[in-house]
Structures are given as structure tokens and as C-alpha cells.
Amino acid sequence: MHTVGELLRQWRHHRRISQLDLAIAADVSARHVSLVETGKSNPSADMIVRLAEQLDVPLRERNRLLLAAGFAPRYAERPLDGDALSAARGAIGRVLRAHEPYPALVVDRGWNIVMTNSALGPFLAHVAPDLLRPPINMVRLGLDPRGLAPHIVNLAEVRALLRTRIRRQLAVAPGDELAALYEELLAPGPGREDAGPSVESEIAVPMIFRFGGRELRLFSTTTTFGTPTDITLDEVAIESYYPADADTAAYFTAPGPVSYDA
Numbered sequence: 263m264h265t266v267g268e269l270l271r272q273w274r275h276h277r278r279i280s281q282l283d284l285a286i287a288a289d290v291s292a293r294h295v296s297l298v299e300t301g302k303s304n305p306s307a308d309m310i311v312r313l314a315e316q317l318d319v320p321l322r323e324r325n326r327l328l329l330a331a332g333f334a335p336r337y338a339e340r341p342l343d344g345d346a347l348s349a350a351r352g353a354i355g356r357v358l359r360a361h362e363p364y365p366a367l368v369v370d371r372g373w374n375i376v377m378t379n380s381a382l383g384p385f386l387a388h389v390a391p392d393l394l395r396p397p398i399n400m401v402r403l404g405l406d407p408r409g410l411a412p413h414i415v416n417l418a419e420v421r422a423l424l425r426t427r428i429r430r431q432l433a434v435a436p437g438d439e440l441a442a443l444y445e446e447l448l449a450p451g452p453g454r455e456d457a458g459p460s461v462e463s464e465i466a467v468p469m470i471f472r473f474g475g476r477e478l479r480l481f482s483t484t485t486t487f488g489t490p491t492d493i494t495l496d497e498v499a500i501e502s503y504y505p506a507d508a509d510t511a512a513y514f515t516a517p518g519p520v521s522y523d524a
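Just so you know, we're using my numbering here: the sequence shown kicks off at 263 and counts up by one.
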């Protein structure tokens, strides 16, 4: 069991911030930061939260810091489908519906799909049933040969893009579940080409799907809550897909339901 000082020091090293820089950002003395990290000073709950905010510590880990110091957790983790988050769920639902006829979905920190709009449904028509049993994992759905992988023309680029994103996510907020997903599907190895887009070129790299001889080119954006106070909301993201060319836009906006033939 780590002390709160040890955990804060780990986060400071992870963020590559000096004690002095952290002290200045948190408006405390560098000596106080040093005393907290070495266990010679017991920080208040407010001080822990203040330091955690400057270190951009995720809400889940802020609770861990508070518990290590003997304080009660401050941040609730309520289910997205529960009554407590009904307003947030309603807002997310409006965002998803407003994005139709283009696909959009909500994923948690492990890339498990928790909400979608109706435009995603046709993409899943030819996916193996076991991949659609909850929790449906977006990365596994995209890269598994029984999922969408056979329909993604630029699979190596998409894999490299996901690798970059999840590496970045792990750097910001390490987690066993996400690390296991990375090792399972994205760690470099045979059949997992390393060639792909750089971080700087992400916006220019579309996902190219081929269904029945027709290509659809989509790029994505990610939306997160700006100032969440609930762990669930802190960890979800909305993935919205847009047409990358006029032909794809016309396909989605044509009259009648969207469908994809294998």
C-alpha cells in the first residue's frame, strides 16, 4: 500500500514535473511538496486535490490518493444508465442523434462501447455474434478478422493510429485493462505492421471501408466532458465519424435507409 506522498511523487515523475514547478502551479512552497512526498507532512484533502489537479491526475486516481491519506473519496462512479446521470446521458444522446446520418458512439476508458446512434447498426451486420456480446470493445471489433477488419482497406494505417492513441492514453492515465488490450491487439509483432500515420497527421488519415465494391472514407473526432466530477463521465468519450469525401457524404445523405452489403 503506497502512501499518498509516494503516489504523488509517482504522478509527478510520470508528468515529468519538478517539485518547484508543481509548487508554483499549486501556489505552495517547494519545501511543502517535498515534505508531503517524503511523508513528513500530512496534507489535507484539499491540498491533495489541488496537487492532483496540477498533475492532471484522473478522478479515479484522485480517489486513490485521498484513500491513501485516510480521507473519503470525493468522486462518485455512477452508471451511465442510472438515474443520477440521466441528464448527462440525455445530453450525450442528443449529441449522438444530432450526428446522424453519420455514425457516432460512446466508449469508456477501455474502449468498450456504451452508447451508439442508429447509423452504426448497418456496420455491424456482418460481424461475428460473439463480438457483439456486451461489453462490445471498439478496438477488438475493428481489428478482429471476424469483425470489421476484412472491410477496412487501410487496416495497417488504422491499427497504427489506434496504437498511437492508446499509447498516448496509457501515458496520461495508466491502467491494467487498457494495457492488456494494447498487448492483445496492438503491441508490435508479426502481422501488426508498424508503418502508419504520425500523431501530427491523424486528422488526414481516414478509415476506408469497402462494402460490396463500394468504398466509404470516414475520419473521426473525439469529444470529452470538459470538467466532469463523476468518474464515469471523466472516462467516456464520444467518437464521431464524418465523411472524408463528397461520394461518402452523398451515400449517407441519400434518401432511404443506409445498408451495407458484404
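Each residue gets a CB set at the ideal place from its N, CA and C atoms; glycine is no exception.
Span separating the alpha-carbon of residue i from that of residue j
i: Arg312; j: His388; result: 49 Å
i: Ser527; j: Leu297; result: Lying before the first or after the last residue shown, residue 527 is absent from the chain, which here runs from 263 to 524.
i: Leu347; j: Arg340; result: 7 Å
i: Leu282; j: Gly301; result: 17 Å
i: Ala338; j: Pro490; result: 11 Å
i: Arg430; j: Trp273; result: 15 Å
i: Pro363; j: Arg336; result: 39 Å
i: Asp492; j: Arg476; result: 42 Å
i: Gly332; j: Pro305; result: 10 Å
i: His264; j: Gly488; result: 30 Å
i: Leu329; j: Gly437; result: 18 Å
i: Arg359; j: Arg371; result: 22 Å
Interface flag, residue i vs chain C, CB-CB below 8 Å
i: Pro450; result: Reference to chain C is not applicable here, since this structure consists of a single protein chain.
Continuous beta strand (DSSP E) stretch holding residue i: start and end
i: Phe471; result: 469–473
i: Val376; result: 375–378
i: Ile500; result: 499–505
i: Ser611; result: Nothing can be reported for residue 611: it is not among the residues displayed for the chain, which extend from 263 to 524.
Pair within 8 Å by beta-carbon distance, residue i and residue j
i: Val498; j: Leu342; result: yes
i: Val368; j: Ile354; result: yes
i: Ala422; j: Gly409; result: no
i: Tyr503; j: Pro365; result: yes
i: Phe471; j: Ile398; result: no
i: Ile310; j: Val357; result: no
i: Arg324; j: Ala334; result: no
Enclosing alpha helix (DSSP H) for residue i [first to last residue]
i: Arg298; result: The sequence as given places Val at residue 298; Arg does not occur at that position. From DSSP, the alpha helix (DSSP H) with Val298 extends over 292–299.
Three or more C-beta pairs closer than 8 Å, one from the region 468–484 and one from the region 430–450: is that the case here? no
Of all the alpha helix (DSSP H) runs that stay within the bounds of the region 374–413, which reach a length of 4 or more residues? 400–405
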